[in-house]
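Presented below is the structure to which this report refers.
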Amino acid sequence: MHATFYLLLATSLARFLLRHPGGARVPWIIALSVVLAALYALAPLTATLRERPAAPSAAGTRPTPGRLAWLALVVAVWLVLVVLAPSFGWCAVPLFYTGLRTLPPRAALALVAVLTGCVIASQVRLAGRYDPDLILGPPAVSAIATAVFAYMQRQAARQRDLIDDLVRTRRELAATERREGTLAERQRLSMEIHDTLAQGLSSQQMLLQAADRVWDTDPARARTHVRTAASITEHGLTEARRFVHDLAPADLAGGGGLVQALRALAERESDTGLTVRLHVEGAPVPLPDRVSSALLRIAQGALANVREHAAATTAALTLTLLDDQVVLDVADDGRGFTPPAVPGSHAGVRGHGLPAIRARAVQLGGTLTIESAPGEGAVLSVSIPLEPQR
157 MHATFYLLLA TSLARFLLRH PGGARVPWII ALSVVLAALY ALAPLTATLR
207 ERPAAPSAAG TRPTPGRLAW LALVVAVWLV LVVLAPSFGW CAVPLFYTGL
257 RTLPPRAALA LVAVLTGCVI ASQVRLAGRY DPDLILGPPA VSAIATAVFA
307 YMQRQAARQR DLIDDLVRTR RELAATERRE GTLAERQRLS MEIHDTLAQG
357 LSSQQMLLQA ADRVWDTDPA RARTHVRTAA SITEHGLTEA RRFVHDLAPA
407 DLAGGGGLVQ ALRALAERES DTGLTVRLHV EGAPVPLPDR VSSALLRIAQ
457 GALANVREHA AATTAALTLT LLDDQVVLDV ADDGRGFTPP AVPGSHAGVR
507 GHGLPAIRAR AVQLGGTLTI ESAPGEGAVL SVSIPLEPQR
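Going by the working numbering, the sequence shown opens with residue 157, and the numbers climb by one from there.
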């Protein structure tokens with residue numbers, strides 16, 4: 157619209173100079189044209205009239221005194237030019253938009269009506285006769301210009317509403333994701349605590365109770381239970397420190413990998429009442445940290461269930477490493493149980509044991525299979541897929 161204004165202004169000036177060369181009004185016309193161009197340029201240069209689709213009146217604000225003064229000067233200089241040279245009348249079309257964007261709706265429409273009347277008068281004066289086209293043309297142009305501006309304003313308002321809705325939706329989505337992340341982190345932390353500190357404390361309690369029962373009759377066995385409890389306590393302290401530091405399993409912190417961590421777990425869980433063996437099948441391959449950590453936690457949770465519920469004498473950890481998946485089997489010769497009919501059901505399952513194991517497997521896209529029956533022991537199998545090596 158700025159370019160259109162300057163084009164019409166230059167065209168009107170050129171027409172006047174061609175029609176009236178050497179006339180007495182030429183210096184005044186040139187001077188007023190330069191003044192009008194300079195005044196119109198003040199708006200973009202001083203940012204008093206910003207290029208944005210929202211009119212001040214649409215936002216419910218009033219134009220500043222400086223903006224009103226600027227618009228009044230532009231219109232006044234243009235009116236003088238129209239009086240001296242009617243050919244400058246068509247410069248009113250860009251001024252329509254300027255008024256509509258600067259003033260409140262009623263004042264803007266009044267200004268458009270005044271400018272349209274001036275254009276009609278200038279065209280009739282320029283033609284030297286009354287012509288219906290000259291009477292009806294300018295109002296039609298001003299009506300079209302006003303309608304286009306109103307349509308653009310409505311479209312801009314809708315766009316702003318859509319952007320506001322989008323921003324609000326993104327904020328709500330971010331808040332929802334934060335809440336879900338918080339809940340997921342709480343669940344993960346509860347499983348971490350269950351698989352480390354809670355299981356260690358449970359094992360210590362059982363060992364100390366066993367030591368208390370045989371303290372007088374079999375002191376050597378009682379001391380063995382106490383030493384085993386002390387070892388579990390030491391490991392639990394290491395787990396707690398690691399848990400506070402970065403929540404990584406202590407057995408994996410040394411960098412020995414999952415096989416070494418499972419071997420250390422089997423040795424630590426073995427005592428006079430339970431023997432835990434480890435079997436590894438397949439060529440050792442580097443596993444992602446999340447997979448190694450999850451499998452170690454699953455093994456810890458499964459052995460804790462064996463010790464606390466199964467009354468087993470032997471348990472076997474079998475780690476099978478394949479190209480596309482890794483499988484961990486935990487088998488025992490204990491009393492067995494009836495697996496839940498619905499995956500993830502807590503029926504007949506105490507605490508977080510099996511649900512936590514299933515949740516860890518599902519988080520990594522894996523599956524949990526349980527084979528057991530009363531009096532026949534149990535086999536817990538977790539399969540986690542691996543991304544192909546490149």
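Backbone N, C-alpha and C fix where the C-beta goes; we use that ideal spot for every residue, glycine too. Remember, it's a predicted structure, so these values are computed and weren't measured experimentally.
Query                                                                                                                                                                                     : Result
With distance defined between alpha-carbon atoms, name the residue in E348, L478, V230, L459 nearest to V441.                                                                             : L478
Can you list, in chain order, the residues of its chain with a C-beta nearer than 6 Å to that of L363? Leave out the 5 residues immediately preceding and following it.                   : H381, T384, A385
Give a yes or no on whether the C-beta atoms belonging to L237 and R181 are separated by under 8 Å.                                                                                       : no
Taking S449 as part of the alpha helix (DSSP H), name the residues at either end of that continuous run.                                                                                  : 445-461
Taking only the alpha-carbon atoms, compute the straight-line gap between T167 and P260 and give it to the nearest angstrom.                                                              : 31 Å
In whole angstroms, what is the alpha-carbon distance linking T394 and Q315?                                                                                                              : 58 Å
So, with DSSP's three-state summary, where would you put T352?                                                                                                                            : helix
Could you tell me which residues DSSP pairs with S537 in its beta bridges?                                                                                                                : D485, T525
Leaving aside the five residues before and after L547 along the sequence, list all residues of the same chain whose C-beta is less than 7 Å from its C-beta, in chain order.              : In the structure as shown, the chain begins at 157 and stops at 546. Residue 547 is therefore absent and cannot be evaluated.
Could you check where the alpha helix (DSSP H) with V432 kicks off and where it finishes?                                                                                                 : No alpha helix (DSSP H) holds V432; the beta strand (DSSP E) holding it covers 431-437.
Go ahead and label V304 buried or exposed: buried means 16 or more other beta carbons lie within 10 angstroms of its beta carbon, across all protein chains shown.                        : exposed
Taking 8 Å as the cut-off, decide whether the C-beta atoms of E527 and V535 are in contact.                                                                                               : yes
Using a 10 Å radius around the Cβ and a threshold of 16 neighbouring Cβ atoms, would you call T258 buried or exposed?                                                                     : buried
Take T469 as the anchor and find which of L282, G492, Q456 has the nearest alpha-carbon.                                                                                                  : G492
Report yes if the C-beta distance between P288 and I276 is below 8 Å; otherwise report no.                                                                                                : no
Within the continuous beta strand (DSSP E) that includes A472, where are the two ends?                                                                                                    : 470-477
Determine the closest residue to V486 out of A460, A455, G509, with distance taken between C-alpha atoms.                                                                                 : A455
Since G490 and V462 should fall inside the 8 Å C-beta cutoff, what is the C-beta to C-beta distance between them, to a whole number of angstroms?                                         : 6 Å
Give every residue of the same chain whose Cβ lies closer than 8 Å to the Cβ of V280, excluding the five residues on either side of it in the sequence, and list them in chain order.     : Y286, D287, L290, I291
Taking the C-alpha atoms as reference points, what is the distance between V323 and P495?                                                                                                 : 48 Å
Quick one: grab the DSSP three-state call for M157.                                                                                                                                       : coil
Who are the Cβ neighbours of I319 in its own chain at under 6 Å, not counting the five residues just before and after it?                                                                 : none
Identify, in the order they occur along the chain, each residue of the same chain with its Cβ nearer than 6 Å to the Cβ of P242, setting aside the five sequence neighbours on each side. : S278, R281, L282
State the DSSP-derived secondary structure class of W371, mapped to helix, strand or coil.                                                                                                : coil
With G413 as the anchor, note down where its alpha helix (DSSP H) starts and where it stops.                                                                                              : 413-425
Roughly how far, in whole angstroms, is the beta-carbon of A115 from the beta-carbon of F252, given that I think they are within contact range, below 8 Å?                                : The structure shown does not extend to residue 115, since the chain spans only 157 to 546, so no value can be given for it.
Would you kindly work out how many angstroms separate the C-alpha atoms of Y196 and G179, rounded to a whole number?                                                                      : 26 Å
Less than 8 Å between the CB atoms is what I'm expecting for L475 and V436, so what's the real figure, rounded?                                                                           : 5 Å
Quick check: the Cα distance between T557 and V370, rounded to an integer number of angstroms?                                                                                            : Given that the chain is displayed from residue 157 to residue 546, the structure contains no residue 557 and the question cannot be resolved.
Would you call the CB atoms of A450 and L459 closer than 8 Å?                                                                                                                             : no
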